[in-house]
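A quick write-up on the structure given underneath.
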Amino acid sequence: MFDARIRPLIDPPLNQMGQALAAAGISANAVTLFGFALGLVAALAIACGATLAGFFLIGLNRLADGLDGAIARASGKTDLGGYLDITLDFFFYGAIPLAFAMLDPANNALPAAALLCSFYANGSAFLAFAIMAERKQLTTDARGSKSLYYLGGLAEGAETIALFLLMALFPAWFPVLAWGFALVCFVSAAARVMIGVAALKD
216 MFDARIRPLI DPPLNQMGQA LAAAGISANA VTLFGFALGL VAALAIACGA TLAGFFLIGL
276 NRLADGLDGA IARASGKTDL GGYLDITLDF FFYGAIPLAF AMLDPANNAL PAAALLCSFY
336 ANGSAFLAFA IMAERKQLTT DARGSKSLYY LGGLAEGAET IALFLLMALF PAWFPVLAWG
396 FALVCFVSAA ARVMIGVAAL KD
């Protein structure tokens, strides 16, 4: 919901850093993979009870996620880069709820499962529409220059990262935060399906 609003604020500094990194010979794919590794370490830290370390590692993961796109814009986007970016993002989004479930299975397992189910619903509506949009040659830059069509929704990247950071800062709140955000994601998925149906009707 907030991704389109924050792009004009974060893109200029990210693009400057991306241009500098590209000029230094650092590839977008290398940053994508490094950021993913940070995300996995964040999940491991959370599962082991080091949630504050997880907080900072999640922040670094998201910084890398912004920088890889900025480097790609400076050096040239590739299909492989776009594929790695979206795929590893989804792996990361699944790893954090799983980490909280491992941290406290008795209290967190069920809300984590509900949250992951809602991510699955939201992500499938998003990715399926992106495939159809490509076939119909639909484009949008509302959420920045992307490798695929980003269909907006209530629950997008900014909201998800804010959620993960709150969970890492206040791990005891995980069940309430997970149930609440799962509901938002299910509503977002339903809205995306309705938007997709309306846009793809012949």
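For the sequence shown, the residue numbers in the working numbering are 216 to 417. Quick reminder that beta carbons are idealized off the backbone N, C-alpha and C, glycines included.
Taking 8 Å as the cut-off, the beta carbon of Ala243 is found closer than this to the beta carbon of Asp283. Approximately 4 Å separates the beta-carbon atoms of Ala397 and Ser333; this is inside 8 Å, confirming the contact. The beta-carbon distance between Gly309 and Leu342, rounded to whole angstroms, is 14 Å. This is too long to meet the 8 Å contact definition. Phe379 has its alpha-carbon roughly 10 Å from the corresponding atom of Gly274.
Of the candidates Ala262, Leu272, Leu267 and Ile286, the residue whose Cα lies closest to the Cα of Ala245 is Ile286. When secondary structure is reduced to three states using DSSP, Phe334 falls in the helix class. For a cut-off of 8 Å, the C-beta gap from Gly250 to Asn276 is around 5 Å, short enough to register as a contact.
If you ignore the 5 residues before and after Leu325, its C-beta comes within less than 7 Å of no other C-beta in its own chain. The distance from the Cβ of Phe385 to that of Phe315 is about 11 Å, inconsistent with a contact at the 8 Å cut-off. Scanning Glu374, Ala348 and Leu392 for the CA closest to the CA of Leu415 turns up Ala348. Annotation: the continuous alpha helix (DSSP H) that includes Pro312 extends over Asp294 to Leu318. Per DSSP, the unbroken alpha helix (DSSP H) holding Pro390 starts and ends at Phe389 to Leu415. Gly233 places its beta carbon less than 8 Å from that of Ala289.
Bounds of the alpha helix (DSSP H) holding Ile286 are Thr266 to Ser290. Assignment of Ser339 by DSSP, reduced to helix, strand and coil, places it in the helix class. Between Ala340 and Val408, the C-beta gap is smaller than 8 Å, which places the two residues in contact.
Ile261: member of the alpha helix (DSSP H) spanning Ala243 to Ala262, first to last residue.
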